[in-house]
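*Asks:* My questions will all concern the structure given below.
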Amino acid sequence: MPAKDPILVVLQLSGGNDYFNTVIPYNDPLYRDNRPAVGIPDDQILHIDNEMGLHPAMAPIKRLYDEGKVAIMHGVGYANSPRSHFRSMDIWHTCEPDKVIPDGWLGRAIRDIDPNKENVVTAVSFGPSLFRALVAPGVPVACVGGALESYGLLPGIQGESQRAKILDRFARMYSPLVGRTNVMEYLGTTGLDSMKGADILKMAPQQYASTVKYPETPIAKKLRGIAQVHLANLGTKVFYCDHGSFDTHASQNPGHGNLWTAVSEGVEAFVADLKEHDAADNVIMLLFSEFGRRVHDNGSGTDHGAAGVAFVIGDKVKGGQYGQYPSRKAEDLVQGDLNPNMDFRSVYSTIVQQWMKLDPKAIVGGTFEQPAFLKN
Amino acid sequence: MALKEDLTLMAHLMRRAGFGASRDELEARVAKGYEATVDELLHPEQQEPVDVFTLLRYQPGSLLPGGQPPMGNVNWMYFLVNTKRTLEEKMTIFWHHLFATGNSKVDNYDQLLDQIALFRRCALGSYRDLLVEVAKNPAMIFWLDNNQNHGTAVNENWGRELLELFSMGVGNYTEKDVREASRAFTGWTLENKLPRAPYGRFSWKFEYRPEDHDDGEKEFLGHRGRLDGEDIIDIIVQQPACGRFIARHLYNFFVADEPQVPSWSIEQPRDPKAIDTLATVFQESKYDMRAVLRTLFNSDFFKNARFTHMKSPAELVVSTLRLVGGFELPKPGYGELSMQPSYMGQDLLNPPSVEGWHTGREWINSGSLMARINFVAELIGDPSLPGVRAIIDRLKAQAPLGPEQLVDGCLDLLGPVEVNAETRQELVEQAKEWGQLRWDSEANANAADQHVGEMLQLIVATREYQFA
């Protein structure tokens, strides 16, 4: 049986996930000192070893950790974070900390994977707009804004056969013709790619059958959509979705907990679904956020910080903890924040080289040490 | 009855100088005359202002939106959809493009809306006066770090962007000029403000600190003296490069898509004569935007530039909402609606950088094209919306409709929109499948309504419809 292609699912935690309350160094008195308002009570923290514990809402993730399927990447980030959502997220998407560029690491990776654009659904994202991480010139990305079942052009046209006729008409109108301008040709290609992508993707929910029950949360629905597309074997190599907002400046408890409940239960259902279909062994999932949050809380929540935590989950992941939890001592903090000690591009590099089998240098913009969180 | 050519020209004017117009409005304007309409557009003070109290009644959170979307977008969308002062609002977008200031750093939609209000106020006035206001605008000062520009430690961010992006463009000044300009603006800073905790955001205010100002001798673009910020601006606006730069921006925004701004020092304008014309008026009128725009809209190069401009997401969304009607009140759901341009790639009040957005064909990618088509189609296919019903009723008045009549009628009432012969042929082939449309019985009327909706959706899905 031929080896299965490696698949990457990215689950972006938008807004700046609070590292210090996600992975908790529960023995450290500085945790209690710095978190008078939002500290998690000792008896609620889910211990994963004799130093670290997870947020109580992450029980499903803990179960996966105990099975050895979760790699925790400590202290991820980059130097001189502007602590701005958009700029920081841009940096994670483009791998370019010093200037604004329009294309993203996964866009570049997809261009390497499918340079001749043979499959317009090589990359599928679930969310209303195109994540910059997926952008690269000439790379089509199917952006599923709503439900996968209704994804496609002109969903408002009633009646299946009527819709098919109208879409056929659309394809004919978009076919490139001699003498058209550059931009009309570009519109033509983009429109036809979008349509082709929609045609391919709409088969996925039709072929899907599963006993797994996903929760009724937006993130679980997106993950279910991803499962449907993956299980339909359409050749998609990269999936992207997000959940948020993790920007918990206020009312962090219970807000942060609710967010992690949704993410954890969604991930659990997704992993179970893949397992039921014997389709889990070639899929890994990266969870990341654009920054962590301040060490000291602000009385109700936490403000923007620097170093954060990333997770990589999958059967082929070597579970455990990688890197080092940055020091919480006041003299070691940077502007009151945990100092990043693992460049996020290191995590990307492992994924790009060891998982996707691509040359990471041009994709992540340099050579970075690769934490060894994947099984051989 | 309005001549077809007059209607087409008026539709073109209203698409560019505004956000389009219904057939009723077009006919009224044609009766008034083209130049009279241009004049009306140039005098927004003659129209009622937007009723901001209704906005606040429905969306009180849009008064002081804070740091996160969508309430800032809600506030502006309300103006965009409801304004009668359409050219003024278009120019507000224009200035926002040019002086691109983003929430990603400012983290304060209250202040950004203040900046938009400034652009609205100064939309058609003196560019020189606007530049001075912008130099004192708190959001801009913070955005470009001029609050960190000290006599003892000069910060060149504002000084550079003023020359590079806001007035003259790369190649028209030296690094020394950037430095001297920056020196001249030292001391143009922000008042110390109350901290955000615990009572929330307070308004930012401009403050001039003479003790922080470098009052020394400077040389800028050949002029010597103890120049301060206003002096710099006065020197800038006199430069021929400034008139040409602003003219080219106006051309790109109102006439036809130019290459992206970063290449302007290398790539020539597509119509250098048009740029010269506008630059000349700019100088002769002493930088009066009203005068420049009057020349622009009355020129042949404008009148002939049909469908040469890719609609920006904001233009697409706003013109659709205005066409279909029913979205005048900011009811529940307005937040999501106001974010539509963001999903299509134009996050108003939050451009990706001080360079603003890439326009023209770069609005289009595999994500945005489907979003654009589906957004318009969903609304135009809904006969319960007043503007759509108006289109159907006009078509009904010509019933029974043969295939060509249906196609031409829909193209006419949606714009008039121009499509290529091949596209039109496909539309006619589609209409032929439906035969004649009649409204003489309930069954026929339902079918006719449905097919009109489908034809409208097909037209707004064409490549041609992406252009204005």
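Note that the protein sequences, when read in sequence, are chains R and Z.
Take the position in the first sequence, starting the count at 1, then add 193; the result is the number in this note's numbering.
Take the position in the second sequence, starting the count at 1, then add 6; the result is the number in this note's numbering.
Just so you know, even glycine gets a beta-carbon here, dropped at the ideal spot from N, CA and C.
Predicted, not measured: the structure shown is a model, and the values here were computed from it.
Using a Cβ cut-off of 7 Å, pull out every chain Z residue sitting near P348 (chain R), in sequence order please.
*Replies:* Position 155 of the first sequence, counting from 1, holds the residue named residue 348 (chain R). Per Cβ cutoff of 7 Å: N380.
*Asks:* Thinking V456 (chain R) and V317 (chain R) are a contact (beta carbons under 8 Å), I'd like their distance in whole angstroms, please.
*Replies:* The sequence position of residue 456 (chain R) within the first sequence is 263, counting from 1. The sequence position of residue 317 (chain R) within the first sequence is 124, counting from 1. Actually they are not in contact, since the Cβ atoms of V456 (chain R) and V317 (chain R) sit about 19 Å apart, beyond 8 Å.
*Asks:* Can you give me the C-alpha to C-alpha distance between N227 (chain R) and Y367 (chain R), rounded to a whole angstrom?
*Replies:* Indexing the first sequence from 1 puts residue 227 (chain R) at position 34. Indexing the first sequence from 1 puts residue 367 (chain R) at position 174. Computed Cα separation, rounded: 60 Å.
*Asks:* In three-state terms, what does DSSP make of V505 (chain R)?
*Replies:* Position 312 of the first sequence, counted from the first residue, corresponds to residue 505 (chain R). Looking at V505 (chain R) - three-state DSSP - the assignment turns out to be strand.
*Asks:* Going by other Cβ atoms of all chains shown within 10 Å of its Cβ, with 16 needed for buried, is S444 (chain R) buried or exposed?
*Replies:* Taking the first residue of the first sequence as position 1, residue 444 (chain R) is located at position 251. Exposed, because fewer than 16 other Cβ atoms sit within 10 Å of the Cβ of S444 (chain R).
*Asks:* CB V330 (chain Z) to CB I386 (chain Z), shorter than 8 Å?
*Replies:* Taking the first residue of the second sequence as 1, we reach residue 330 (chain Z) at position 324. Taking the first residue of the second sequence as 1, we reach residue 386 (chain Z) at position 380. Yes, the Cβ-Cβ distance between V330 (chain Z) and I386 (chain Z) is below 8 Å.
*Asks:* Who are the neighbours of L375 (chain Z) on chain R, taking C-beta pairs under 8 Å?
*Replies:* The count along the second sequence starts at 1 and reaches residue 375 (chain Z) at position 369. Result: L380, T383, G384, S387.
*Asks:* To the nearest angstrom, how far is it from the Cα of A145 (chain Z) to the Cα of V464 (chain R)?
*Replies:* Looking up residue 145 (chain Z) in the second sequence gives position 139. Looking up residue 464 (chain R) in the first sequence gives position 271. Spanning the two alpha carbons is a distance of roughly 46 Å.
*Asks:* Name, in chain order, the residues that DSSP records as bridge partners for W194 (chain Z).
*Replies:* Numbered from 1 along the second sequence, position 188 holds the residue referred to as residue 194 (chain Z). DSSP output for W194 (chain Z) lists Z:Y214 as bridge partner(s).
*Asks:* Could you check whether the Cβ of Y349 (chain Z) sits closer than 8 Å to any Cβ belonging to chain R?
*Replies:* If you number the second sequence from 1, residue 349 (chain Z) lands on position 343. Answer yes: the Cβ-Cβ gap between Y349 (chain Z) and chain R drops below 8 Å somewhere.
*Asks:* Name the chain Z residues that come within less than 7 Å of P533 (chain R), Cβ to Cβ?
*Replies:* Within the first sequence, the letter at position 340 stands for residue 533 (chain R). Under the 7 Å cutoff, chain Z gives no residues; its nearest Cβ is about 20 Å from P533 (chain R).
*Asks:* Kindly indicate the opening and closing residues of the beta strand (DSSP E) around C336 (chain R).
*Replies:* Here residue 336 (chain R) refers to the residue found at position 143 of the first sequence. Counting along the chain, the beta strand (DSSP E) containing C336 (chain R) begins and ends at 335-337.
*Asks:* Would DSSP call R91 (chain Z) helix, strand or coil?
*Replies:* Residue numbering aside, residue 91 (chain Z) sits at position 85 when the second sequence is read from its first letter. Here R91 (chain Z) sits in coil by DSSP.
*Asks:* Using the Cα positions of G437 (chain R) and H278 (chain R), report the straight-line distance between them to the nearest angstrom.
*Replies:* Locating residue 437 (chain R) in the first sequence gives position 244, where the first residue counts as 1. Locating residue 278 (chain R) in the first sequence gives position 85, where the first residue counts as 1. Computed Cα separation, rounded: 12 Å.
*Asks:* According to DSSP, L69 (chain Z) sits in a beta bridge with which residue or residues?
*Replies:* As a working note, residue 69 (chain Z) is residue 63 in the second sequence. According to DSSP, which records beta bridges pairwise, L69 (chain Z) is partnered with nothing at all.
*Asks:* Grouping DSSP H, G and I as helix and E and B as strand, with all else coil, what is Q404 (chain Z)?
*Replies:* Taking the second sequence and counting its residues from 1, the one referred to as residue 404 (chain Z) is at position 398. If DSSP states are grouped into helix, strand and coil, Q404 (chain Z) belongs with coil.
*Asks:* Any chance you could list the alpha helix (DSSP H) runs of at least 4 consecutive residues sitting entirely within the region 101-161 of chain Z, in chain order?
*Replies:* Segments of the alpha helix (DSSP H) lying fully in the region 101-161 of chain Z: 109-112, 115-127, 133-141, 144-149.
*Asks:* I'd like the span of the alpha helix (DSSP H) that includes Y349 (chain Z), first residue to last.
*Replies:* Here residue 349 (chain Z) refers to the residue found at position 343 of the second sequence. Per DSSP, Y349 (chain Z) belongs to the alpha helix (DSSP H) from 346-349.
*Asks:* Verify the CB distance criterion: does C434 (chain R) have a CB-CB separation below 8 Å to chain Z?
*Replies:* Counting from one through the first sequence, the residue named residue 434 (chain R) turns up at place 241. Cβ-Cβ to chain Z under 8 Å: no for C434 (chain R).
*Asks:* What runs of the beta strand (DSSP E), each 3 residues or longer, lie entirely inside the region 273-358 of chain R?
*Replies:* Runs of the beta strand (DSSP E) inside the region 273-358 of chain R: 316-319, 335-337.
*Asks:* As a quick exercise: from R:N426, R:K255, R:K511, pick the residue whose alpha carbon is nearest that of Q399 (chain R).
*Replies:* For the purposes of this step, residue 399 (chain R) is taken as the residue at position 206 of the first sequence. Nearest of R:N426, R:K255, R:K511 to Q399 (chain R), Cα basis: R:N426.
*Asks:* Tell me whether R486 (chain R) sits in a helix, a strand or coil according to DSSP, three-state version.
*Replies:* Working through the first sequence from its first residue, we reach residue 486 (chain R) at position 293. In the structure shown, R486 (chain R) sits in a strand (DSSP, three-state: E or B).
*Asks:* Is the Cβ of L323 (chain R) closer than 8 Å to any Cβ of chain Z?
*Replies:* By one-based count along the first sequence, residue 323 (chain R) stands at place 130. Yes, its Cβ sits closer than 8 Å to a Cβ of chain Z.
*Asks:* Are the C-beta atoms of G393 (chain Z) and some chain R residue less than 8 Å apart?
*Replies:* Mapped onto the second sequence, residue 393 (chain Z) falls at position 387. False, the Cβ-Cβ gap to chain R never drops below 8 Å.
*Asks:* Cα-Cα, which of R:F537, R:N475, R:H449 is closest to F213 (chain R)?
*Replies:* On the first sequence, residue 213 (chain R) is found 20 positions in, with the first residue counted as 1. Selected option, being the one with the closest Cα: R:H449.
*Asks:* Might you give, ordered along the chain, the residues of its own chain that have their beta carbon closer than 8 Å to the beta carbon of K215 (chain Z), omitting 5 neighbours on each side?
*Replies:* Working through the second sequence from its first residue, we reach residue 215 (chain Z) at position 209. It is Arg, not Lys, that sits at residue 215 (chain Z) in the sequence shown. Around R215 (chain Z): G193, T195.
*Asks:* Hey, H267 (chain R) and V510 (chain R): beta-carbon distance below 8 Å or not?
*Replies:* Indexing the first sequence from 1 puts residue 267 (chain R) at position 74. Indexing the first sequence from 1 puts residue 510 (chain R) at position 317. For H267 (chain R) and V510 (chain R), no; Cβs fall outside 8 Å.
*Asks:* Have a look at W363 (chain Z) and K279 (chain Z) and give me their C-alpha separation to the nearest angstrom.
*Replies:* For the purposes of this step, residue 363 (chain Z) is identified with residue 357 of the second sequence, where counting begins at 1. For the purposes of this step, residue 279 (chain Z) is identified with residue 273 of the second sequence, where counting begins at 1. Approximately 26 Å, taken between the alpha carbons.
*Asks:* What's the gap between the Cα of A453 (chain Z) and the Cα of T314 (chain Z)?
*Replies:* Along the second sequence, one-based indexing puts residue 453 (chain Z) at 447. Along the second sequence, one-based indexing puts residue 314 (chain Z) at 308. Approximately 36 Å, taken between the alpha carbons.
*Asks:* Who are the neighbours of R469 (chain Z) on chain R, taking C-beta pairs under 8 Å?
*Replies:* As a working mapping, residue 469 (chain Z) is identified with position 463 in the second sequence. What R469 (chain Z) touches in chain R: M366, Y367, M377, L380, G381, G384.
*Asks:* Run through DSSP, which three-state label would P398 (chain R) get?
*Replies:* As a working note, residue 398 (chain R) is residue 205 in the first sequence. Three-state result, P398 (chain R): helix.
*Asks:* Classify R35 (chain Z): buried if its beta carbon has 16 or more other beta carbons within 10 angstroms, exposed otherwise.
*Replies:* Here residue 35 (chain Z) corresponds to residue number 29 of the second sequence, with the count starting at 1. By the 10 Å Cβ count, R35 (chain Z) comes out buried.
*Asks:* Could you tell me which uninterrupted alpha helix (DSSP H) segments, each at least 4 residues in length, are contained entirely in the region 302-343 of chain Z, listed from first to last along the chain?
*Replies:* 306-309, 319-330, all fully within the region 302-343 of chain Z.
*Asks:* Out of R:V231, R:G338, R:P222, R:D259, state which residue places its alpha-carbon closest to the alpha-carbon of L239 (chain R).
*Replies:* Counting from 1 along the first sequence, the entry for residue 239 (chain R) is found at position 46. The candidate whose alpha carbon is nearest that of L239 (chain R) is R:D259.
*Asks:* Using the beta-carbon of each residue, which ones in chain R are nearer than 9 Å to Q266 (chain Z)?
*Replies:* Sequence index remark: in the second sequence, residue 266 (chain Z) carries index 260 (1-based). The premise fails here: Q266 (chain Z) is roughly 11 Å from chain R at the closest Cβ pair, so nothing lies under 9 Å.
*Asks:* Specify, as a first and last residue, the run of the beta strand (DSSP E) that R29 (chain Z) falls within.
*Replies:* Position 23 of the second sequence holds residue 29 (chain Z). Segment 29-38 is the alpha helix (DSSP H) holding R29 (chain Z); no beta strand (DSSP E) there.
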